[in-house]
Amino acid sequence: MFGFVYLINRKLIIMKKLLLIISLLFISNSHSQDLSSVYRQVEEITLKEGITEKEYLEFEAFWKTVKEKHIKEGKQIGWFVWKVDPTSNNNKAWAEYIILNVFANKKQMDAMFSNPPEWYVNEIRTAHKGKTKRSIIKKYTRETMDNKYRGKSVIYNNKGLAGFLAEGAAPAKGIVGYYHGIEQLNEDYVDFETQYFAQAHQESGSRAYWELNEIMSRSDNAYKPVTHTIFEIPNPEFTPTEQDQSFTDQMMLKYGIASRKIHGSLKSELALYAW
6 MFGFVYLINR KLIIMKKLLL IISLLFISNS HSQDLSSVYR QVEEITLKEG
56 ITEKEYLEFE AFWKTVKEKH IKEGKQIGWF VWKVDPTSNN NKAWAEYIIL
106 NVFANKKQMD AMFSNPPEWY VNEIRTAHKG KTKRSIIKKY TRETMDNKYR
156 GKSVIYNNKG LAGFLAEGAA PAKGIVGYYH GIEQLNEDYV DFETQYFAQA
206 HQESGSRAYW ELNEIMSRSD NAYKPVTHTI FEIPNPEFTP TEQDQSFTDQ
256 MMLKYGIASR KIHGSLKSEL ALYAW
């Protein structure tokens with residue numbers, strides 16, 4: 006009996022480790038979406054004064070049901086709510102939450118955000134019909150229309166340029182990722198990221214997930230200098246090994262770093278998702 010219990014516990018531990026190592030951010034329902042073709046809307050959120058984490062995440066959990074409907078119907082391919090570590094960016098985190106809506110292409114993204122408020126109200130009612138009390142539906146619909154929770158919202162519409170995901174990846178609550186705002190300094194920047202840094206991360210196994218995006222448009226209150234973003238999830242089981250760098254690697258690293266400026270980075274934890 007003891008041996009049986011031991012085996013069960015061991016399997017649970019292994020499964021838990023696997024979930025913590027691997028994450029998805031952005032793949033389609035069929036899990037075969039080309040990461041270089043997706044579009045991502047990033048919303049950086051600061052809550053209104055007095056709003057608690059519990060209140061806000063309950064509100065977003067209500068919206069998760071709507072997002073699950075949209076994904077099932079092929080209106081988008083993913084939705085992720087990340088809670089920002091306030092100590093990020095040398096204790097100068099510029100947002101409290103990051104929401105990522107992920108789309109198969111620009112047409113799909115534009116279609117979602119061109120809808121009038123009435124459309125979203127109907128989507129809420131349809132998604133929650135038979136699942137949620139009417140009083141709760143009315144409460145969160147009203148709070149959505151009144152913008153109860155967001156004190157500041159900054160939006161970037163991004164085109165995916167490259168990315169990789171560890172084999173067998175799946176989302177898991179609690180996974181930690183890093184969001185970087187980057188300014189391209191010369192015309193070689195994207196090539197350095199895609200042809201050198203990304204390959205090095207993937208071959209070494211240091212990242213469970215990595216993506217590069219170009220910012221196509223942004224809200225008026227968005228930070229202007231950044232041209233690209235990177236989101237990456239380190240592999241917590243990766244152990245670096247010391248080895249001499251070749252001359253080629255030294256030069257690639259030197260000029261690759263010189264091709265970009267990182268304006269800030271946010272450490273964040275996956276709080277909610279639908280995919």
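First residue of the sequence shown? That's 6 in the working numbering, and the numbers climb one at a time after it.
Don't be surprised by glycine CBs; every beta carbon is placed ideally from N, CA and C.
Pairing Gln189 with Arg265 gives a Cβ-Cβ distance under 8 Å.
Thr51 has its alpha-carbon roughly 5 Å from the corresponding atom of Lys157. Of the other Cβ atoms in all chains shown, fewer than 16 fall within 10 Å of the Cβ of Trp124; this residue is therefore exposed.
The shortest C-alpha to C-alpha distance from Asn162 to any of Gln46, Glu58, Ser42, Asp225 is the one to Gln46. Given a length threshold of 4 residues, each whole run of the alpha helix (DSSP H) inside the stretch 244 to 278 is given here in chain order: 252 to 263. By the 16-neighbour rule on beta-carbons within 10 angstroms, Gln255 is exposed. Scanning its chain for C-beta atoms nearer than 8 Å, with the 5 sequence neighbours on each side dropped, one finds around Thr92 the residues Ala98, Lys272, in chain order.
Per DSSP, the unbroken alpha helix (DSSP H) holding Leu62 starts and ends at 58 to 77.
Taking C-beta atoms as the reference points, Leu170 and Thr199 fail to come closer than 8 Å. According to the DSSP assignment, Lys157 belongs to the beta strand (DSSP E) that extends over 155 to 170. Leu62 has its alpha-carbon roughly 10 Å from the corresponding atom of Tyr102.
Counting along the chain, Glu101 sits inside no alpha helix (DSSP H), nor does DSSP assign it H or E at all.
Where Thr232 is concerned, there is no enclosing beta strand (DSSP E), because DSSP gives it neither an H nor an E. CA-CA distance, Lys69 to Ser211, rounds to 31 Å. Per DSSP, reduced to three states, the secondary structure at Asn95 is helical.
With contact defined as three or more Cβ pairs closer than 8 Å, the stretch 69 to 86 and the stretch 231 to 246 are not in contact.
Here Gln113 carries a helix assignment [DSSP, helix/strand/coil]. Proximity to Glu48 across Ala276, Ser224, Asp115, Glu237 peaks at Ser224, based on C-alpha coordinates. The C-alpha of Lys80 is placed about 7 Å away from the C-alpha of Met117. Excluding residues up to 5 positions away in sequence, Ile50, Thr51, Leu52, Lys53 lie with their Cβ nearer than 8 Å to the Cβ of Arg155 in the same chain. The residues Glu48, Val86, in chain order, have a CB closer than 6 Å to that of Ile104 in the same chain once the five nearest residues on each side in sequence are set aside. Between Ala279 and Ile142, the CB-CB gap reaches or exceeds 8 Å.
Across the structure, Pro230 and Ala263 are spaced so that their CA atoms are roughly 16 Å apart. Within the stretch 178 to 221, the complete alpha helix (DSSP H) runs of at least 4 residues fall at 194 to 197, 203 to 209.
In chain order, Ser42, Tyr44 place their CB closer than 7 Å to the CB of Asn110, counting only its own chain and leaving out the 5 sequence neighbours on each side. Bounds of any beta strand (DSSP E) do not take in Trp124; it lies within the alpha helix (DSSP H) bounded by 122 to 133.
Nearest in C-alpha terms to Leu277, of all of Glu60, Lys88, Asp151, Tyr145, is Lys88.
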